[in-house]
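To start, the structure itself, in structure tokens.
Number of protein chains: 2
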Amino acid sequence: MARYVFGADVGGTTVKIGLLTETGEKVDFWEIPTRTEDHGSNIIPDIAASIREKMKEKNIEDTQVVGAGIGVPGAVNIDGLCYQAVNLGWEKVNVVNELHSALKLPVKAGNDANVAALGEAWKGGGQGYPNMLLVTLGTGVGGGIIIEGKILTGAKGSGGEIGHVHLVDDEPETCGCGKHGCFEMYGSATGAVRIAKRVLAASTEDSVLRGKDFECRDIFDAAKAGDKLAVEAANQYGYYLGKGIAAVASVINPEIIVLGGGVSKAGEMLFDLLMPSFKKYVFPGCADAKFALAKLGNDAGVYGAAKMLLY
Amino acid sequence: MARYVFGADVGGTTVKIGLLTETGEKVDFWEIPTRTEDHGSNIIPDIAASIREKMKEKNIEDTQVVGAGIGVPGAVNIDGLCYQAVNLGWEKVNVVNELHSALKLPVKAGNDANVAALGEAWKGGGQGYPNMLLVTLGTGVGGGIIIEGKILTGAKGSGGEIGHVHLVDDEPETCGCGKHGCFEMYGSATGAVRIAKRVLAASTEDSVLRGKDFECRDIFDAAKAGDKLAVEAANQYGYYLGKGIAAVASVINPEIIVLGGGVSKAGEMLFDLLMPSFKKYVFPGCADAKFALAKLGNDAGVYGAAKMLLY
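First to last, the protein sequences are chains E and V.
Per the working numbering, residue 4 is the first one in the first sequence, and the count goes up by one each step.
Per the working numbering, residue 4 is the first one in the second sequence, and the count goes up by one each step.
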């Protein structure tokens with residue numbers, strides 16, 4: 004008899020839910036709205052109800068279900084306690100206990116970035132590598148660490164939260180975390196724009212970026228087209244990206260480093276940009292890590308949430 | 004019937020071996036010489052013979068033994084392959100296979116620093132904390148990372164080899180690894196001496212350290228006695244130690260950070276010295292890690308080697 008597993012990736016607007024086979028074959032993926040009113044108290048019951056409805060629709064018995072995993076936008080400890088999830092209106096919610104009470108099936112929970120890393124390790128860019136680092140390059144820099152096929156959760160669920168590793172001394176601007184010089188201030192999409200603005204300000208040369216309210220993608224497009232200052236900005240971005248990844252890789256010695264998030268749409272040029280500083284700063288014993296791009300996009304969290312049940 | 008486990012910690016001069024109960028009670032600890040001649044080919048057979056002899060002496064049957072763990076001074080991957088152990092004369096030795104062939108009991112192997120970390124987590128300064136970082140402050144800076152009670156080995160056994168995380172830009176001197184500005188260049192005993200020499204060179208003030216061929220312990224002794232330049236050197240040492248530990252802690256979110264190695268004999272003053280920069284540089288989600296001193300000294304490796312069999 005076929006066995007199934009559910010994965011749910013909770014975002015601020017929608018919850019992505021997936022029904023998969025035990026081997027990770029996609030059976031059905033769908034979305035429900037994230038109801039953040041009343042301190043987000045409906046979110047978990049809604050997920051449970053949606054899973055139960057799907058089981059009924061597909062004639063799946065409880066005994067055929069391994070369980071349900073859930074990724075949420077906040078730190079989650081090993082016991083399933085989410086300390087805070089601002090986007091959901093949550094303060095200290097034990098996600099495992101609440102979903103288990105509502106669903107009456109085995110449940111596991113994790114931080115969304117960590118869960119996405121597990122998804123990429125299972126079925127995405129890190130497939131086949133039990134020791135993987137996912138670096139998510141979006142508005143911020145997030146990440147997830149997979150060790151021997153499992154999420155590195157850490158004491159309070161902040162394992163793999165690599166965006167705030169200190170990278171640059173004497174940074175005058177302040178990071179969202181209140182510190183100065185964090186990896187995320189340079190390695191994120193916002194960071195790329197910060198770097199490009201500084202490059203433009205330090206030069207009088209012309210550039211297609213000058214005078215525009217440009218975004219990260221514009222920098223890489225202009226660099227690909229040969230715009231000199233955009234190339235300089237892209238190189239500086241690569242320098243910081245390589246330096247930040249080197250710091251993390253030197254600690255955990257991953258087999259593969261997977262780049263995801265919006266910036267990773269720049270593609271393989273990122274590897275060329277980051278490699279010189281990665282090689283310069285990484286511990287030699289960790290220098291032969293492979294690099295790859297994430298493959299699952301927005302589905303990574305659903306795959307990873309499901310995979311937690313299959314450890 | 005009582006169950007036992009053996010642990011062996013291989014050094015360049017002696018192998019420390021321990022017979023413990025499953026719950027970690029010390030039954031017998033002893034040493035044998037490390038015979039490094041003939042490319043160290045006798046080391047593993049010698050350990051097997053010594054364990055067999057001890058079993059005979061104590062009337063312990065094979066069925067009473069969980070197995071034997073071994074820590075070696077080199078990177079060891081998850082399959083027990085040691086890539087190189089210069090101090091033992093080894094090139095690519097599968098420690099698990101060779102010890103198992105000689106001993107005919109279950110065997111596990113790991114890097115000595117990682118294994119010592121596991122020992123401290125089991126019975127030492129990190130007891131009771133499944134997520135621990137050991138920072139070993141000796142001639143170099145070593146370390147080991149314990150996640151949910153197990154060693155973080157990494158792709159090729161370099162997990163937790165934290166001494167070469169990049170810490171300082173524009174360092175003119177070269178680290179043993181060939182890079183510049185590694186954590187170990189400042190956080191080790193050698194690093195403390197480097198820092199103190201620079202402090203002395205930058206000042207004309209008198210100091211008990213001046214004109215002497217001083218060691219690390221002399222710096223902390225002089226600082227405790229109020230010597231102004233020694234205090235300055237100790238503060239700078241603490242700054243780098245806190246900054247380096249913050250980088251690692253921000254990646255893995257440990258519950259407790261245990262300081263071991265020769266420098267840790269300076270005691271709790273190290274916590275005061277490192278705390279300001281640790282707090283300045285660590286990701287806020289990881290800032291409430293506890294600090295402790297290692298407790299097992301040279302026995303840590305024996306305890307940890309044994310503990311690998313009890314995962």
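Backbone N, C-alpha and C define an ideal beta-carbon position, used for all residues, glycine too.
At a cut-off of 8 Å between beta carbons, E:Cys178 makes no contact with chain V.
Following the DSSP letters along the chain, one finds V:Ile63 in no alpha helix (DSSP H), marked with neither H nor E. For E:Tyr284, the nearest CB of chain V lies under 8 Å from its own CB, placing it at the interface with that chain.
From the beta-carbon of V:Ala309, no residue of chain E is found nearer than 8 Å; the closest lies around 21 Å away. With its beta carbon at least 8 Å from every one in chain E, V:Cys85 lies outside the interface. Here E:Met135 carries a strand assignment [DSSP, helix/strand/coil].
Residues of chain E with a Cβ closer than 7 Å to the Cβ of V:Ile63 do not exist, since the nearest Cβ in that chain sits about 32 Å away. With respect to the 8 Å criterion, E:Val69 and E:Glu28 are not classified as neighbours on the basis of their beta carbons. Chain order gives no chain V residues near E:Ala119, where near means a beta carbon separation below 9 Å; the closest approach is about 17 Å.
Under DSSP, E:Trp93 forms a beta bridge with E:Ala88. Nearest CB-CB separation between V:Glu94 and chain E: not below the 8 Å threshold. In the DSSP assignment, no residue is bridged to V:Lys227. The contact set of E:Val168 on chain V, defined by CB atoms closer than 8 Å, consists of Ala250, Ser253, Val254 and Phe286 in chain order.
The bridge partners DSSP lists for E:His103 come to none. When secondary structure is reduced to three states using DSSP, V:His169 falls in the strand class.
Inter-residue distance for V:Thr39 and V:Leu23 is about 27 Å (C-alpha atoms, whole angstroms).
With the rule of 3 Cβ pairs closer than 8 Å, the stretch 251 to 266 of chain E counts as touching the stretch 165 to 175 of chain V. By the Cβ criterion, the stretch 236 to 248 of chain E is not in contact with the stretch 112 to 126 of chain E, since fewer than three pairs of Cβ atoms, one from each stretch, lie closer than 8 Å.
Checking the DSSP bridge columns, you'll see V:Ile222 has no partner listed. For V:Asp275, the enclosing alpha helix (DSSP H) covers residues Met272 to Tyr284. The C-alpha of E:Ala233 is placed about 11 Å away from the C-alpha of E:Glu208.
When the five nearest sequence neighbours on each side are left out, the beta carbons in the same chain lying within less than 8 Å of the beta carbon of E:Asn97 are those of Asp82, Gly83, Leu84 and Cys85, in order along the chain. Burial state of E:Glu235 is buried, judged by a 10 Å Cβ sphere holding 16 or more other Cβ atoms. Following the DSSP letters along the chain, one finds E:Glu34 inside the beta strand (DSSP E) bounded by residues Lys29 to Pro36. At a cut-off of 8 Å between beta-carbon atoms, E:Lys159 makes contact with chain V. At a cut-off of 8 Å between beta carbons, E:Cys219 makes no contact with chain V.
The beta carbon of V:Glu60 does not come within 8 Å of any beta carbon belonging to chain E, so the residue lies off that interface.
Taking E:Met135 as reference, the option from V:Gly147, V:Leu155, V:Ala226 and V:Lys182 with the minimal CA-CA separation is V:Leu155.
In the DSSP assignment, the residues bridged to V:Thr24 are V:Tyr7. Counting the other CB atoms within 10 Å of its CB gives V:Ser206 a total below 16, which places it among the exposed residues. With a threshold of 8 Å between beta carbons, E:Ile46 makes no contact with chain V. Take V:Ala309, set aside five residues on each side of it, and the residues of its chain with a beta-carbon closer than 7 Å to its own are Val8, Phe9, Gly10, Gly21, Leu23 and Gly72, in chain order. V:Ala112: not part of any alpha helix (DSSP H); member of the beta strand (DSSP E) spanning Val110 to Asn114, first to last residue.
From the listed residues V:Phe294, V:Pro133 and V:Glu101, the smallest Cα separation to V:Ile248 is found for V:Phe294. In the structure shown, the three-state DSSP call for V:Ala51 is helix.
Against chain V, the beta carbon of E:Ala292 has neighbours under 9 Å at Ala158, listed in chain order.
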